[in-house]
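Residue numbers for the sequence shown follow the UniProt record's numbering, so the first one is 1 and each next one is one higher. Ideal Cβ placement from N, Cα and C applies to all residues, glycine included.
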Amino acid sequence: MVYNFKVFKKCAPNGKLTLYVAKRDFVDHITTVEPIDGVVLLDEEYVRGRKVFGQVVCTFRYGREEDEVMGLNFYKELFLASEQIYPPPEKRSYELSRTQERLMKKLGETAHPFHLTVPAGAPGSVTLQPGLEDEGEPCGVHYYIKLFVGDSEIDRSHRRSTIALGIRKVQYAPSKPGPQPCTVVRKDFVLSPGQLELELTLDKQAAVHARRDGGREHERPQPQQQGREEDQSERRPERRRGALPERPVQERGRQHRDPGRVSAAAGLQPAEGAAPVADAGLQQGQARRRPRRTAEARRHHARLHHSAAGAGAA
Numbered sequence: 001m002v003y004n005f006k007v008f009k010k011c012a013p014n015g016k017l018t019l020y021v022a023k024r025d026f027v028d029h030i031t032t033v034e035p036i037d038g039v040v041l042l043d044e045e046y047v048r049g050r051k052v053f054g055q056v057v058c059t060f061r062y063g064r065e066e067d068e069v070m071g072l073n074f075y076k077e078l079f080l081a082s083e084q085i086y087p088p089p090e091k092r093s094y095e096l097s098r099t100q101e102r103l104m105k106k107l108g109e110t111a112h113p114f115h116l117t118v119p120a121g122a123p124g125s126v127t128l129q130p131g132l133e134d135e136g137e138p139c140g141v142h143y144y145i146k147l148f149v150g151d152s153e154i155d156r157s158h159r160r161s162t163i164a165l166g167i168r169k170v171q172y173a174p175s176k177p178g179p180q181p182c183t184v185v186r187k188d189f190v191l192s193p194g195q196l197e198l199e200l201t202l203d204k205q206a207a208v209h210a211r212r213d214g215g216r217e218h219e220r221p222q223p224q225q226q227g228r229e230e231d232q233s234e235r236r237p238e239r240r241r242g243a244l245p246e247r248p249v250q251e252r253g254r255q256h257r258d259p260g261r262v263s264a265a266a267g268l269q270p271a272e273g274a275a276p277v278a279d280a281g282l283q284q285g286q287a288r289r290r291p292r293r294t295a296e297a298r299r300h301h302a303r304l305h306h307s308a309a310g311a312g313a314a
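1) Run through the DSSP bridge pairs and tell me what aspartate 25 is partnered with.
2) Taking 8 Å as the cut-off, does the segment 101-120 touch the segment 25-43 (at least 3 CB pairs, one atom from each stretch)?
3) Alpha carbon to alpha carbon, how far is glutamine 180 from aspartate 188? Give it in angstroms, no decimals.
4) Can you find at least 3 beta carbon pairs, one from the segment 75-86 and one from the segment 2-19, that sit closer than 8 Å?
5) Since glycine 108 sits in a beta bridge, which residues does DSSP pair it with?
6) I'd like the span of the beta strand (DSSP E) that includes arginine 186, first residue to last.
7) If you run the structure through DSSP and keep just helix, strand and coil, what is serine 161?
8) Mind reading off the beta-carbon distance from lysine 169 to valine 118? Whole number of angstroms is fine, and I expect it under 8 Å.
9) Output needed for arginine 160: all residues of its chain with C-beta closer than 8 Å, excluding positions within five of it in sequence on either side, in chain order.
10) Taking 7 Å as the limit between beta carbons, can you name the residues of its chain near tyrosine 86, skipping five residues before and five after?
11) If you run the structure through DSSP and keep just helix, strand and coil, what is serine 307?
12) By a C-beta neighbour count over all protein chains shown, 10 Å radius and 16 as the cutoff for buried, is aspartate 28 buried or exposed?
13) Taking the beta strand (DSSP E) that cysteine 139 falls in, what are its first and last residues?
14) State yes or no: is the C-beta of serine 157 nearer than 6 Å to some heavy atom of the ligand COA?
15) Could you say which of Arg98, Phe148, Asn73 lies nearest to tyrosine 62 if we only look at CA atoms?
16) Alpha carbon to alpha carbon, what distance is there between glutamine 129 and threonine 201?
17) Buried or exposed, going by whether 16 or more other CB atoms sit within 10 Å of the CB of phenylalanine 148?
18) Within 10 angstroms of the Cβ of alanine 297, are there 16 or more other Cβ atoms? Answer buried if so, exposed if not.
19) I'd like the span of the beta strand (DSSP E) that includes arginine 61, first residue to last.
20) Using 8 Å as the threshold, is the segment 139-158 in touch with the segment 14-23, meaning 3 or more CB pairs across them?
21) Apart from the five residues just before and just after arginine 254, which ones in its own chain have a Cβ nearer than 6 Å to its Cβ?
22) Please classify phenylalanine 5 as buried or exposed, where buried requires at least 16 neighbouring CB atoms within 10 angstroms.
23) CB-CB under 7 Å to glutamate 68, same chain, minus the five flanking residues each way: which ones, in chain order?
24) For tyrosine 94, which residues of its own chain have a beta-carbon under 6 Å away from its beta-carbon, when the five flanking residues on both sides are left out?
25) Rounded to whole angstroms, what is the Cα-Cα separation between isoleucine 30 and leucine 198?
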């Protein structure tokens, strides 16, 4: 009976190591992550006296590769799992999968299995879409399986004897839809009383890539506080539409003069028909002028002057 199965294969640049894995997408079930099972085909004469290690590396890139200058790197590497593949341990702590058994039977004695476990708290694979002019590795979180020949796990690997196969850590949406996502944001203003509240609600919890999902926005202006409202009412008195603002009037230290008052001060009776003359408003710094007399008042004043002069001569 013939069994057909699909595997992914990658060789080292020198051809001494070959990696076989059944899949490259590993599902995160929140509490556990699917283990990474595979088989390594190696040349025992090449690795004699040395060891072969397998690791799961998570790379977090937060900057563009073209901006890395003067030894400054915008990425971090996290080694999440590590295992010695060759020489193999005396007793395995895990059971071989059906794919591993078939590969070992087909490849022969120089094939060795490995089993790597990713912690549940590791982040998922995320890739930011690069721009048209961006070059190099895109920003995001990336995973890959690393196999190398060395003396220890921390030994520096050589490029010709190293294999790096990219994988993904994915999460599936829940089968039962949950409640609609909702968030509320409140904004205060420095120069204005009250605050603005913005509420955003999505139509559903799970969204599909390249599909537009709708949402609803709702704005609610919050009422003013009582203390602030009283202060504003005291500062801004109500005015009638079209009314001019009232201005303080300064009292002037002078009195209006008329011919009747002048005649009374001199012991004379005011003439008939004499009309009071309003004193013109004097601005600060101008000379004070006497009120102008009428023609009849001037004639009356002249008769009094002549009579007084004649009595003095007698």
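Straight from the coordinates:
1) The count along the sequence shown starts at 1 and reaches residue 25 at position 25. Paired residues: Arg168.
2) yes
3) Locating residue 188 in the sequence shown gives position 188, counting from the first residue. Locating residue 180 in the sequence shown gives position 180, counting from the first residue. Those two C-alpha atoms are separated by around 27 Å.
4) no
5) Walking along the sequence shown from the start, residue 108 turns up at place 108. Per DSSP, none; premise fails for glycine 108.
6) Residue mapping note: residue 186 aligns to position 186 of the sequence shown, counting from 1. Arginine 186 -> beta strand (DSSP E) spans 182-188.
7) Translated into the one-based positions of the sequence shown, residue 161 becomes position 161. If DSSP states are grouped into helix, strand and coil, serine 161 belongs with the helices.
8) To locate residue 169, count along the sequence shown from 1; it is residue 169. To locate residue 118, count along the sequence shown from 1; it is residue 118. That pair is a contact at about 7 Å.
9) Within the sequence shown, the letter at position 160 stands for residue 160. Correct list, in chain order: Ala12, Pro13, Asn14.
10) As a first step, residue 86 must be located in the sequence shown, where it is residue number 86. Around tyrosine 86: Leu42, Val47, Lys51, Val52, His112.
11) On the sequence shown, residue 307 is found 307 positions in, with the first residue counted as 1. In the structure shown, serine 307 sits in a helix (DSSP, three-state: H, G or I).
12) The residue labelled residue 28 in the question sits at position 28 within the sequence shown. Buried, by the Cβ-count rule.
13) For the purposes of this step, residue 139 is identified with residue 139 of the sequence shown, where counting begins at 1. Note, cysteine 139: premise wrong, no beta strand (DSSP E); not H, not E.
14) No copy of the ligand COA appears in this structure; indeed no ligand is present at all.
15) Translated into positions along the sequence shown, residue 62 becomes position 62. The option with the nearest alpha carbon to tyrosine 62 is Asn73.
16) Sequence index remark: in the sequence shown, residue 201 carries index 201 (1-based). Sequence index remark: in the sequence shown, residue 129 carries index 129 (1-based). Approximately 26 Å between the Cα atoms of the pair.
17) Here residue 148 is taken as the residue at index 148 of the sequence shown, counted from 1. Flag for phenylalanine 148 reads buried.
18) The residue given as residue 297 occupies position 297 in the sequence shown. Buried, because 16 or more other Cβ atoms sit within 10 Å of the Cβ of alanine 297.
19) In the sequence shown, residue 61 corresponds to position 61, counting from 1. Per DSSP, arginine 61 belongs to the beta strand (DSSP E) from 51-61.
20) yes
21) Counted from its first residue, the sequence shown places residue 254 at position 254. A caution first: arginine 254 carries a pLDDT of 48, below 50, which makes its placement in the model unreliable, though a value can still be read off. Around arginine 254: no qualifying Cβ.
22) The residue given as residue 5 occupies position 5 in the sequence shown. The residue is exposed, with fewer than 16 neighbouring Cβ atoms inside 10 Å.
23) Here residue 68 refers to the residue found at position 68 when the sequence shown is read from its first residue. Hits under 7 Å: Phe74.
24) What you label residue 94 is simply residue 94 of the sequence shown in a count that begins at 1. Taken in chain order, the residues that qualify are His115.
25) The sequence position of residue 30 within the sequence shown is 30, counting from 1. The sequence position of residue 198 within the sequence shown is 198, counting from 1. Near 32 Å, if we compare the C-alpha coordinates of leucine 198 and isoleucine 30.
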